[in-house]
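Report on the following structure.
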Amino acid sequence: MQLFLDTADIGEIRDGARLGVISGVTTNPSLASAAGIGDREAYQSAVREIAELVNGPISVEVVSTDTQGMVDEGRDIANWIPDPWVKIPSTIEGIEAIAALAGEGIKVNQTLCFSVNQAILGSQAGATVVSPFIGRLDDIGQDGIGLIRDIAELFRSAQVSTRVMAASVRHPLHCVKAAQAGAHIATVPYKTLLQMAQHPLTDSGLARFLADWQKASKT
Ligand code: E4P
Numbered sequence: 007m008q009l010f011l012d013t014a015d016i017g018e019i020r021d022g023a024r025l026g027v028i029s030g031v032t033t034n035p036s037l038a039s040a041a042g043i044g045d046r047e048a049y050q051s052a053v054r055e056i057a058e059l060v061n062g063p064i065s066v067e068v069v070s071t072d073t074q075g076m077v078d079e080g081r082d083i084a085n086w087i088p089d090p091w092v093k094i095p096s097t098i099e100g101i102e103a104i105a106a107l108a109g110e111g112i113k114v115n116q117t118l119c120f121s122v123n124q125a126i127l128g129s130q131a132g133a134t135v136v137s138p139f140i141g142r143l144d145d146i147g148q149d150g151i152g153l154i155r156d157i158a159e160l161f162r163s164a165q166v167s168t169r170v171m172a173a174s175v176r177h178p179l180h181c182v183k184a185a186q187a188g189a190h191i192a193t194v195p196y197k198t199l200l201q202m203a204q205h206p207l208t209d210s211g212l213a214r215f216l217a218d219w220q221k222a223s224k225t
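Just so we're on the same page, our numbering is the position in the sequence shown counted from 1, plus 6.
Here's what the structure looks like:
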C-alpha cells in the first residue's frame, strides 16, 4: 500500500518527504485553509511548492458544486503541476464532471466517497482513484474499513482499474486495517505517519542496547 501525505502544510510535507516513504500528497479546502491558504492564487502557488518537494501525484480539490464549474476548475488545475489529480466530490454533478475530465485524459480523485454505489459510479465515469473516508464513517457509527474492503474486493473481482485510496485516516490502526482490506493507497496526516514508526518496545530496546554498550565500553 502506497502512502500519501494528507496535508497542505509545506513544513510537514518537507519533513515527510525526507523520510523517503511518501508517494504523493492530498489536499482539500479545509487543509488549505488550515495552512493559511486563503484564495485560489495562494492555493496554486502552494500546490506548485508541494510539487517541487514530492515527486508524485498531488490531489487538488475543486470548490464549485455544479458540473461545468468543476470541469472548468479541473481543466485549470490540470495545468498547475506535472502530476495533478483533480479532486471531485461524489455528487451526481461530480460524477458527470469526472466523466468529462477523465474523457480529456485528466486524472481524477473521486473524493467524499461514503458508499459502494458512489464508488461504482466514479469508476464507471473514469476516476483514477476513489477516496472512501474511513474516519468520518466511524464517527457516525458506520464501518469505514468495511467500506474500503467492499470496494477493493469488488474492483479486484471485476478487474476495475480505479484504485482505492483510504482517506480520513485518523490513527495508525486505520493504516494497518486499510492495507489488510486491500487499499492501494492510504493518505495519512503527518502526525499519523510519525505514529506508524512508534513502538514502546523499540524505544526501551534501543535504550537497553545503548546502556549495555556504555557499560561494556567502561569495563
Ligand atoms: C482526503 O483526501 C481528505 O482530504 C481527508 O482524508 C479528509 O480527512 P478528515 O475526515 O480527517 O478531514
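No residue lacks a Cβ here, since even glycine has one placed at the ideal position from N, Cα and C.
> Between A105 and A131, which are expected to be in contact by the criterion C-beta below 8 Å, what is the C-beta distance as a whole number of angstroms?
Replying inline: Yes, A105 and A131 are in contact; Cβ-Cβ is about 4 Å, under 8 Å.
> Quick one: does the C-beta of K93 sit closer than 8 Å to a heavy atom of the ligand E4P?
Replying inline: Taking non-hydrogen atoms of the ligand E4P into account, the C-beta of K93 is found less than 8 Å away from one of them.
> K93 bridges to which residues according to DSSP?
Replying inline: As computed with DSSP, K93 is found in a beta bridge with E67 and N115.
> First and last residue of the beta strand (DSSP E) that includes S29?
Replying inline: Segment I28 to T32, the beta strand (DSSP E) holding S29.
> Looking at the unbroken beta strand (DSSP E) that takes in D218, where does it start and where does it end?
Replying inline: In the DSSP assignment, D218 falls outside any beta strand (DSSP E) and lies within the alpha helix (DSSP H) extending over P206 to K224.
>> Please report the distance separating the alpha-carbon of V27 from that of D21.
In response: Going by the C-alpha atoms only, they are around 11 Å apart.
>> Per DSSP, what are the beta-bridge partners of L179 in this structure?
In response: Residue pairing by DSSP leaves L179 without any beta bridge partner.
> Taking 8 Å as the cut-off, is the CB of L37 close to at least one heavy atom of the ligand GDP?
Replying inline: As presented, the structure is devoid of the ligand GDP, carrying the ligand E4P as its sole ligands.
>> Helix, strand or coil, according to DSSP, for M202 in the structure here?
In response: The answer is helix: DSSP assigns M202 an H, G or I state.
>> By the DSSP assignment, the alpha helix (DSSP H) with F161 in it spans what residues?
In response: For F161, the enclosing alpha helix (DSSP H) starts and ends at G150 to S163.
> Between the Cα of W86 and the Cα atoms of I151, N61, V53 and D149, which residue gives the shortest distance?
Replying inline: Taking each of I151, N61, V53 and D149 in turn and checking the Cα distance to W86, the smallest one comes out for V53.
> Do G30 and Q8 have their CB atoms nearer than 9 Å?
Replying inline: It is a contact, given that the beta carbons lie within the stated cut-off.
>> Classify T208: buried if its beta carbon has 16 or more other beta carbons within 10 angstroms, exposed otherwise.
In response: Exposed is the label assigned to T208, since fewer than 16 other Cβ atoms lie within 10 Å of its Cβ.
> Secondary structure at V194, three-state DSSP: helix, strand or coil?
Replying inline: DSSP places V194 in strand when its eight states are reduced to three.
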